[in-house]
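What follows is a short report on a single structure.
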Amino acid sequence: MKDRIYKALVEIVGEEYVSANPEELYIYSYDPGVAGPRRPDYVVLPKTTEEVQRIVKLAYEEGIPVVPMGAGLTLTGLTVPLKGGIVVDLRRMDQILEVNERARYAIIEAGVTHGQLKAYLERHHPRLKHSLPDAPPSATVAGNALIHGQGRLSQQYGFTSDMINGLEVVLPNGEVCRLGSCAVSPYWFSRAPLPDLVGLFVGWLGTTGIVTKLSIKLYPRKKFRDVEVFVTEDPELVPEVVYRVTYTEMVEDVDIWAQPYPPIYAGLQHTSIYLTGDSDEELEFKRRMVWDALKDIIDRREGGFMMLTPDMKATLLATPQPSVARIADVKKGGGFSYVGAIIPVDRFPEAYRRGIKISERHGIGTYSFMARVVGRGHALMFAWSYPFNRADPDSVERARRALDETDELALELGGIPWKPGVYGQRLIMERMDSTALRLLREVKRLLDPKGIMNPGNWEVS
Amino acid sequence: MLELKHDLSKCLICDTYDCLTRCQYLKLDVESARAEIERLAKGSWSRVLEDCVTCYACEEYCKKGNHPFYFIVEEQERRGILTAPKPIVRQWIQLAEPLGEKPRKARKPLLSMCFFPGLEHVLESRLFEGVDVIMGRHVFCNLVYLHFAKPSLIKERLPKVVEAIAQHGVDEVVFYHDECYSTFTHYAKAIGLEVPFKPIHLFEFLYRRLRELEVKPLGLKVAYQRPCSSRLTPEKEHWVDDIFNLIGVERVEREYDRENALCCGSIFKLQGRYDLAVDVQRRNIEDMVKHGAEVCVFNCPNCYWTLSELVAKRGIKPLLMSQLCQLAIGERPKGWTG
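Heads up: the protein sequence lines correspond to chains A and V, in order. Position one of the first sequence corresponds to residue 467 (the working numbering), numbered consecutively onward. Position one of the second sequence corresponds to residue -15 (the working numbering), numbered consecutively onward.
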């Protein structure tokens, strides 16, 4: 059978883009986090929607698991093929098909990366930008959007998933459908006013179909961008700082970070506040509004703005942030993972305090938190980071235990683990409203009656 | 030799109160200044302690050999006055907390770059050929804590810093940052600390180096941004003019230069005095523009980092003094586009 499936896949995409070689399958058996190894049977790299369609039809007919993959950077094992089968690596589908300057959206294929879209817009549409996450530039836009990712514009415009105007999806039976305005119009400009079927493919972690194209919203790119960092030593103050800063409606992005190294940062919380403007006057006006909003905290001597050297500023203004990669290698050995959880802003203090304890308890060696404000303080994506040495099984196991405990903490805080791995999914489903859980199961069954799409994920027992 | 202890009785019989009447931030007339001094003498509340922006200037304004700035800072600490928000003070304390760096044997000429990571590129010049360089927390002079009303921390750390520098085994040390030079020539004495090496100011070192090299007159009009710590050692300020004369630049005689210099404003922002920082920076830079400055020259890296972008936006090129000297010997400092 293996040989037959392999030949069928070769028939669809050509020999060059199919592999059943153990060394290549090995690469796809991991992601950069602690998940794996679970080896797929095949890896295939389609170029077109039609090829995806044929692959899925084949898998559907044969009852073979299919795991869609962008850059495979979720760190929670979402593209590790838990039940084997075919990994569909979408990175050859890398065309930017259209940018509508006036309606501010781009139609892109599923393999377009953030680095690619950023560079393209800078060159061809300098007045537009998209919400760039602090992931490696090789992360795909579609991947980030479909897992409810966040980026540099999340404070203003919400989750990246909120920025989806429409999708082209290959359903588990191989049919192709378009969702959003593109279902009835040549313009991929809106999800409204139709019944919102896009939600059937967002947050489902590839268990309901394979997205092959999407329309993503773009936003004005101002000429100047600057950053101020507000420092506190009491985590209880952070929700208030966020509330005040977001109230001004003057800022683009707000991130909170904390780490003990270098020592200058130890024991303090840093709120990075990003400002943009088309002139010095606009920037200065916004900066003053932010200072005024925090003035009485400064006057009470409970918080203040730190001095930034040019090097510090350059690091903070870089997109994506290189510091993320530096933290990732702090233990050497190339292992890094984190639990990102969507939590209410006012749970920040507890998330911070208990996160430090988890790091200590599992011998992680250092704590490192980053929280991104989403939608004017409607939510925080709080990320507890755990670097580990991949060559040291004990280090990997300690990180795994810390991650699992952090998933539990996120739920205890009233939050929800973001892009959860299997363990996190189980915890979520245990707490889920029973009718919602049943609905989830029924919708999944309706779309994927044979259960071939990324099996092992969102599996209701 | 200077008497480095402050004597309040001298202030009570002072007839000018220069320390307060010349202060560019407190703006006190003679009568108000006298009243404030009397309050201070009685140990009562005084707005001087609350409103002092810690610019160091009163140390230079006092012509009676007293040390008002040290007194103010000591009193601020004694009375628990916070000159800046607590997390900012903590951050600065942690910034230079020694991490067990070990001194090594060094050779002359030895240059201390204090603790300015990111500034190493300024040493890529013939001016510093053959110079042994040290940098790190263990040689950080700690004087900055005067801004944060923490003289006790300086007193705690400085003896170890002096010892660490001395362990390099060199009897004279060139200090890139004015603040270090002023610490080892002035503040150390004020706290009764013996310094077993001779501090050399960067400007003196540069002047002597320039004399050994071929120098081309630059013909530039230059504004000089005095750093706060230079108020502690005004006797060495002549090196600025000596260098300028040697390399053929004109120091624009503007309002906010020499004893009337304005702070770069960075410390004001740390203290939470945003409006004051913006106003002082605006006046300072307007003054440079008005007097036709083409270049703004700095000693202090913090002043440089704070004002660089702002002066550049007004068409004035920011340079550290050593970079200006590089131009005079035909080198192009990093980022120079002239």
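Glycine residues also receive a C-beta, built at the ideal position from the N, C-alpha and C atoms. Note that the coordinates shown come from a computational prediction; the quantities given were computed from them, not determined experimentally.
Closest residue to residue i among the options (Cα-Cα distance)
i: G153/V; options: E140/V, K89/V and T169/V; result: K89/V
i: A857/A; options: G821/A, R897/A and K798/A; result: K798/A
i: P82/V; options: C(-2)/V, L33/V, R141/V and E43/V; result: R141/V
i: V262/V; options: D241/V, V281/V, T290/V and F282/V; result: T290/V
i: K10/V; options: L33/V, A207/V, L103/V and K(-6)/V; result: The sequence as given places Leu at residue 10/V; Lys does not occur at that position. The option with the nearest alpha carbon to L10/V is L33/V.
i: G922/A; options: V522/A, D497/A, T545/A and V509/A; result: T545/A
i: E634/A; options: I573/A, R505/A, V479/A and Y852/A; result: I573/A
i: R696/A; options: P603/A, G640/A, I764/A and Y492/A; result: Note that residue 696/A is Phe in the sequence shown, not Arg. Taking only the C-alpha atoms, the option nearest F696/A is I764/A.
i: F189/V; options: R31/V, T167/V and V224/V; result: V224/V
i: L893/A; options: R911/A, E871/A, D914/A and L912/A; result: E871/A
Closer than 8 angstroms to chain A by CB, residue i
i: A296/V; result: no
i: K144/V; result: no
i: Q78/V; result: yes
i: E81/V; result: yes
i: G102/V; result: yes
i: R74/V; result: yes
i: W289/V; result: yes
i: A68/V; result: yes
i: S250/V; result: yes
Straight-line gap, residue i to residue j (C-alpha atoms, nearest Å)
i: W320/V; j: M778/A; result: 21 angstroms
i: N286/V; j: L308/V; result: 17 angstroms
i: I227/V; j: L107/V; result: 18 angstroms
i: L(-14)/V; j: N244/V; result: With a pLDDT of 45 at L(-14)/V, under the threshold of 50, the modelled position of this residue cannot be trusted; read the value that follows with caution. Each residue's alpha carbon lies about 23 angstroms from the other.
i: D512/A; j: G669/A; result: Note on identity: in this sequence residue 512/A is Pro, with Asp being the wrong assignment. P512/A and G669/A: Cα-Cα distance of roughly 23 angstroms.
i: V179/V; j: V264/V; result: 36 angstroms
i: S485/A; j: A658/A; result: 41 angstroms
i: Q209/V; j: Y288/V; result: 9 angstroms
i: M898/A; j: V805/A; result: 19 angstroms
i: A113/V; j: V199/V; result: It should be noted that the sequence gives Glu, not Ala, for residue 113/V. Looking at the two C-alpha atoms, the distance is approximately 16 angstroms.
i: R827/A; j: V518/A; result: 46 angstroms
i: G550/A; j: K916/A; result: 15 angstroms
i: D241/V; j: D259/V; result: 22 angstroms
i: A68/V; j: D700/A; result: 16 angstroms
i: H161/V; j: L94/V; result: 14 angstroms
i: R887/A; j: E59/V; result: The displayed chain sequence assigns Gly, not Arg, to residue 887/A. Approximately 58 angstroms, taken between the alpha carbons.
i: R470/A; j: N566/A; result: 44 angstroms
i: V664/A; j: T737/A; result: 34 angstroms
Interface flag, residue i vs chain V, CB-CB below 8 angstroms
i: I822/A; result: no
i: F771/A; result: yes
i: L671/A; result: no
i: D744/A; result: no
i: E925/A; result: no
i: W723/A; result: no
i: L734/A; result: yes
i: D697/A; result: In the sequence on display, residue 697/A carries Val and not Asp. By this cut-off, V697/A is an interface position.
Residue burial classification, residue i (beta-carbon count within 10 angstroms, cutoff 16)
i: A133/V; result: buried
i: S803/A; result: buried
i: K689/A; result: exposed
i: S28/V; result: exposed
i: S306/V; result: buried
i: L563/A; result: exposed
i: P183/V; result: buried
i: L741/A; result: buried
i: P488/A; result: exposed
i: D497/A; result: buried
i: K26/V; result: exposed
i: F282/V; result: buried
For residue j and residue i, believed in contact at Cβ under 8 angstroms, the rounded distance
i: V926/A; j: V811/A; result: Actually they are not in contact, since the Cβ atoms of V926/A and V811/A sit about 31 angstroms apart, beyond 8 angstroms.
i: N126/V; j: V145/V; result: 6 angstroms
i: L216/V; j: Y171/V; result: 7 angstroms
i: K772/A; j: I72/V; result: Note that residue 772/A is Met in the sequence shown here, rather than Lys. With a Cβ gap of about 6 angstroms, M772/A and I72/V count as contacting.
i: G675/A; j: G256/V; result: Contact flag wrong, Cβ pair sits at about 54 angstroms.
i: S96/V; j: C164/V; result: 6 angstroms
i: P52/V; j: C39/V; result: P52/V to C39/V, Cβ: 12 angstroms. No contact.
i: E237/V; j: V206/V; result: Their Cβ separation, rounded to whole angstroms, is 11 angstroms, which puts E237/V and V206/V out of contact at 8 angstroms.
i: V796/A; j: P853/A; result: 5 angstroms
i: L594/A; j: R570/A; result: 6 angstroms
Residue i Cβ short of 7 angstroms to the ligand MN heavy atom set
i: R856/A; result: For the structure depicted, the ligand MN is absent and the ligand set is empty, with no information on it obtainable.
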